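Visitor: In UniProt numbering, the protein residues as written are 1 to 315. Following this message is one structure expressed as structure tokens.
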């Protein structure tokens, strides 16, 4: 008799679990879907464009409640990790994340997945493969294009320096490493004299660039790995009176980079599509909840090389 009761309880529990799971899917399909977007900071134009894209898609869908959370500046990755923990505690349905550090944020991603939350990576990845989709620029290809662009501007020879954002961020490290590899493989006449990390801070990048030019009077070019670094180093070139003489190739597009291209302090910048990352990320999160296809696990959102010649067509 006890065995029969036990068996009945097991069946009931299994049925209850199945109903609970089905209920969750139904709630996701008919009620407000809670999506939390966590970016690297809340001030960089790149992240504000990601936010704008996510907000546009959420408004278009009508049944999405979007929460935006980000550190005030590019701080310790543990601050971001706590934001992921908070989203899990608040029972988000989807977390969209642009991690400051691919290793430090991996435990948070795995914990979210274990809690049944869909995880969409935007712009930057994590070490763990336990996420649902990754929307980003093909940063390796873009970095190689940046290397080819700067090499062409220099005629294949000269000394250059690199200013990156964070040493541990997957995206910007890919941009640095692939750029260096391309220069080493194709342009023996170009010497990289050093790399500095600005944390994406424009003033810090400007001071680092000034130091590079002081230590290397014959410096011929700079490569910036993100918007803040690119703007800061270009401002240093202007301040030192070397616009056009010291060639600058960077990443990202903003009002500042546009103005510096017009001043001929930046010769080219790799323009990503952060708006599309946010827009498609929300769409993929909702589709993942419904078990629908959204185009694969890794989606390249594209890049354009902005120069003075095509500046009017860049948005």
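Note that beta-carbon positions come from the ideal geometry of N, C-alpha and C, so glycine has one too. All values derive from a computational prediction rather than experimental measurement.
(1) Taking all protein chains shown into account, decide if residue 259 is buried (16 or more other Cβ within 10 angstroms of its Cβ) or exposed.
(2) Have a look at 31, 233, 205 and 254 and flag the residue whose alpha-carbon is nearest the alpha-carbon of residue 246.
(3) Looking only at C-alpha atoms, which of 255, 240 and 266 sits nearest to residue 248?
(4) Going by the CB atoms, is the gap between residue 164 and residue 131 shorter than 8 Å?
(5) Enumerated in chain order, which unbroken segments of the beta strand (DSSP E) with a length of 3 residues or greater are wholly contained in the segment 72-122?
(6) Are there 16 or more other CB atoms within 10 angstroms of the CB of residue 322, so buried, or fewer, so exposed?
(7) Taking all protein chains shown into account, do 16 or more other C-beta atoms lie within 10 angstroms of the C-beta of residue 58, making it buried, or fewer, making it exposed?
(8) How many angstroms separate the CA atom of residue 45 from the CA atom of residue 125?
(9) Using a Cβ-Cβ cutoff of less than 6 Å, which residues in the same chain neighbour residue 178 once the five nearest sequence positions on both sides are dropped?
(10) Measure the beta-carbon distance from residue 250 to residue 275 and round it to whole angstroms, keeping in mind my assumption that it falls under 8 Å.
(11) Let me check one thing: in DSSP terms, what residues is residue 66 bridge-paired to?
(12) With H, G and I counted as helix, E and B as strand and the rest as coil, what does DSSP make of residue 305?
(13) If we ignore side chains and look at the alpha-carbon of each, how far apart do residue 214 and residue 146 end up?
Guide: Working from what's here:
(1) exposed
(2) 233
(3) 266
(4) no
(5) 94-97 and 118-122
(6) Summary: the structure shown does not reach residue 322, with the chain confined to residues 1 through 315, and so no result is reported for it.
(7) buried
(8) 20 Å
(9) 140, 143 and 144
(10) Incorrect: roughly 19 Å between the Cβ atoms, too far for contact.
(11) 35
(12) strand
(13) 24 Å
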